[in-house]
Amino acid sequence: MNNKRKFLKSIALGALIATSFTGMTAAFAADKTLAVTAIVEHPALDAVHKGLVDELAKLGYEKGKNLTVQHQTAQGDIPTTVQIASKFVGAEPDVIVGISTPSAQAIAAKAPKSQAVVFTAVTDPVGAKLVSNLEKPGGNITGTSDMSPIKKHLELIKQIMPNAKTVGVLHNPGEANSLTLIEALEAEAPALGLKIVKAGANNSGAVLSSARSLVGKADAIYVPTDNTIVSAFEAVVKVGIDAQIPVFAGDTASVKRGAVAALGFNYYDVGRQTGQLVAKIFEGANPGDLSVELPTILELFVNPTAAEKMGLTLPADIVASAKEVVK
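Taking numbering that gives the first Met the number 0, I'd label the letters of the sequence shown as residues 0 to 326.
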């Protein structure tokens, strides 16, 4: 049975896990097949998925016409991530895309060398053991990284809160990308006169209590691009308002959800970059010959209303320089 027939049979048999599918109407006429999985749903990762599909359509691969897309999310559950990876690998689509480190790792662990794999929104592809070299990945995997500009993030906090001494950081200690970010934060903080105070949360249900544990210990709270924490971001904002501790984020999408400010990438554009890589593979490129890409443009988003609710007034020059002022 060829790859397309196996993939389409997989769709016809239905999901092993309750989820939604896209592209079903054109299943039997699709020229290319794509499977996409993410660890969880939240605005940044959802924007990656939308950018991916939109860019492919722009490049001639339109869902429902000549492209069949199967999409599943694990809702933050690692065993489910592994199940989805097994299902997708067995279906043998032309390309499998893993959005986030856990999803990409699960696919890479299951995929044979003949299966093209593209990761996206992965902080540290080398540290996550997805590739050994960013310039020359080799093998069957490539993708896009969203490694945060940690030094710039801390500089932004210091610029807005010059008297801040401690920054509380919420993270999932079980996520490889989070550990990488924590190491980077602890390495950069001393030069700016800052101390990092960590609070771990292994799942979204633990985020509220972890955020509360920072009260009295941190002058500001920083939420990195950790999918577990970001999926429960409103819980962090609640603590920030209640305890009058400004909350900063590593992704700009979280500013609309109540963060004071964030300097980050446009995740929709990250998805578009990923779509360009997928299109190259559709057209015959070997994933291992395509360098891992990083976003190059940073955007500042600010939320003066959220800042006021947390007892902070944003400097006028910061607001004036923002790409977007959330109201």
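Note that CB positions come from ideal geometry on N, CA and C, so glycine has one too.
Query: Start-to-end residues for the beta strand (DSSP E) that takes in Ala329; Result: The requested residue 329 is not part of the displayed model; the chain covers only 0 to 326.
Query: Coarse secondary structure for Gln71, derived from DSSP in three states; Result: strand
Query: Tyr267 - containing beta strand (DSSP E), residue span; Result: Note, Tyr267: premise wrong, no beta strand (DSSP E); alpha helix (DSSP H) at 266-281.
Query: Under the three-state DSSP convention, the category Val88 falls into; Result: helix
Query: Status (buried if at least 16 other CB within 10 Å, exposed otherwise) for Ser208; Result: exposed
Query: Same chain only: Cβ atoms within 6 Å of Ala231, ignoring 5 sequence neighbours per side; Result: Ser203, Val206
Query: Which listed residue (Pro314, Gly63, Gln71) has its alpha carbon closest to that of Pro161; Result: Pro314
Query: Ordered list of alpha helix (DSSP H) runs contained in the segment 100-132, each at least 4 residues; Result: 100-109
Query: Three-pair Cβ contact test at 8 Å for the segment 89-109 versus the segment 251-268; Result: no
Query: The segment 286-299 / the segment 59-78 touching (three or more Cβ pairs under 8 Å); Result: no
Query: Other residues of its chain near Thr100: CB distance less than 7 Å, five sequence neighbours each side excluded; Result: Val121, Thr122, Ala127, Glu174, Ala175, Asn176
Query: Nearest to Ala163 (by Cα), restricted to the options Leu169, Leu262, Glu154, Glu134; Result: Glu154
Query: Inter-residue Cα distance where the pair is Leu158 and Asp250; Result: For the sequence presented, residue 158 should be read as Gln rather than Leu. Cα-Cα distance, rounded: 18 Å.
Query: Residue from Ala183, Leu44, Leu55, Asn201 with nearest C-alpha to Ser147; Result: Ala183
Query: Proximity winner among Gln82, Val325, Lys112, relative to Ala105 (alpha-carbon distances); Result: Gln82
Query: Residues bridged to Thr141 [DSSP beta-bridge criterion]; Result: Val117
Query: Inter-residue Cα distance where the pair is Gly270 and Gly142; Result: 10 Å
Query: Reduced DSSP category for Val325 - H, G, I as helix; E, B as strand; rest coil; Result: coil
Query: Within 8 Å, strictly: CB atoms of Val166 and Ala188; Result: yes
Query: Integer-rounded CB distance, given that Glu54 should sit under 8 Å from Gln275; Result: 6 Å
Query: Chain-order list of residues whose beta-carbon lies under 8 Å from that of Asp268 (same chain, five-residue window excluded); Result: Gly50, Pro294, Ile296
Query: Selection from Gln243, Ala115, Val39 that minimises the alpha carbon distance to Lys279; Result: Ala115
Query: Rounded C-alpha distance that separates Asp76 from Leu44; Result: 16 Å
Query: Outcome for Gly310 when other beta-carbon atoms lying within 10 angstroms are tallied against a minimum of 16; Result: exposed
Query: According to DSSP, residues forming a beta bridge with Val35; Result: His70, Val96
Query: Ser144 classed as buried or exposed, judged by whether at least 16 other C-beta atoms fall within 10 angstroms; Result: buried
Query: DSSP state of Gly287 mapped onto helix, strand, coil; Result: helix
Query: Straight-line gap, Ala103 to Val168 (C-alpha atoms, nearest Å); Result: 24 Å
Query: Buried versus exposed, by CB contacts within 10 Å (16 or more), Gln272; Result: buried
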